[in-house]
Amino acid sequence: MTYYIRPYAHRRNMMHRMAAQNNAFLLRVDVREEEDSYLLTTAVPGLSADDLNIQVLDNVVRIEGEYATSDGEHLMRELPEGKFLRTLRLPNDVDADNVKAKIKNGILSLTLPKVESARPKQIKILAK
179 MTYYIRPYAH
189 RRNMMHRMAA
199 QNNAFLLRVD
209 VREEEDSYLL
219 TTAVPGLSAD
229 DLNIQVLDNV
239 VRIEGEYATS
249 DGEHLMRELP
259 EGKFLRTLRL
269 PNDVDADNVK
279 AKIKNGILSL
289 TLPKVESARP
299 KQIKILAK
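Every letter in the sequence shown is one number past the one before it in the working numbering, and letter 92, counting from 1, is 270.
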């Protein structure tokens, strides 16, 4: 697919106004459920641990951060900029005291252990 850099220069101002009104950036995440935890992965290129704020309350995970904004005119602008916030509600309660987060090469990984009561229990069947 070919992207033309300035094919519609006359529409540029309209597009800038629309982008300014809707500057929200949706953080895309992958969530996997394991037997005893949830594994959440998301790409946050260019951000460090200091640029992110992660909170867990009950079964709700909140990830927020901010990409640097750049002034000046761009021929093309596709990289994220500005603040973002993503809130996810998980189906079971999470043990917030034991959540682990790490960031490596622009990938944020969260391990969210389930509380003991939310884990599946094996029930023995007694035969007489």
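For glycine and all other residues, C-beta sits at the position ideal for the given N, C-alpha and C.
(request) Give the DSSP-derived three-state secondary structure of Asn231 in the structure shown. (result) strand
(message) Here's a check: name, in chain order, each residue in its chain whose Cβ is nearer than 7 Å to the Cβ of Gly260, leaving out the five neighbours to either side.
(response) Within the same chain, Gly260 has close Cβ partners Asn201, Phe203, Glu244, Tyr245 and Thr247.
(message) Considering only their Cβ atoms, is the gap separating Lys292 from Ser215 smaller than 8 Å?
(response) For Ser215 and Lys292, yes; Cβs fall inside 8 Å.
(request) Output the distance between the C-alpha atoms of Asp275 and Val222, rounded to the nearest integer angstrom. (result) 24 Å
(message) Which same chain residues end up closer than 6 Å to Leu288 when comparing Cβ atoms and leaving out the 5 residues on each side of it in sequence?
(response) Leu218 and Ala279
(request) Report the rounded CA-to-CA distance for Tyr181 versus Val209, giving the unit in angstroms. (result) For Tyr181, the pLDDT reaches just 48, beneath the cut-off of 50, and the residue's location in the model is therefore unreliable, leaving the point undetermined.
(request) Look up Ala305 in the DSSP assignment and say whether it is helix, strand or coil. (result) Here Ala305 sits in coil by DSSP.
(request) For Ile301, count neighbouring Cβ atoms within 10 angstroms of its own Cβ and tell me buried if that reaches 16, exposed if not. (result) exposed
(message) For Asp229, which residues in the same chain have their Cβ closer than 7 Å to its Cβ, ignoring the five residues on either side in sequence?
(response) Once the five neighbours on either side are set aside, the close Cβ partners of Asp229 are Gly243 and Glu244.
(message) Pop quiz: Leu290 and Leu304 are said to be a contact at Cβ under 8 Å. What is the actual Cβ separation, rounded to whole angstroms?
(response) Wrong, their Cβ atoms sit about 35 Å apart, outside the cutoff.
(message) Just verifying my parser: in three-state terms, what is the DSSP assignment at Asp208?
(response) strand
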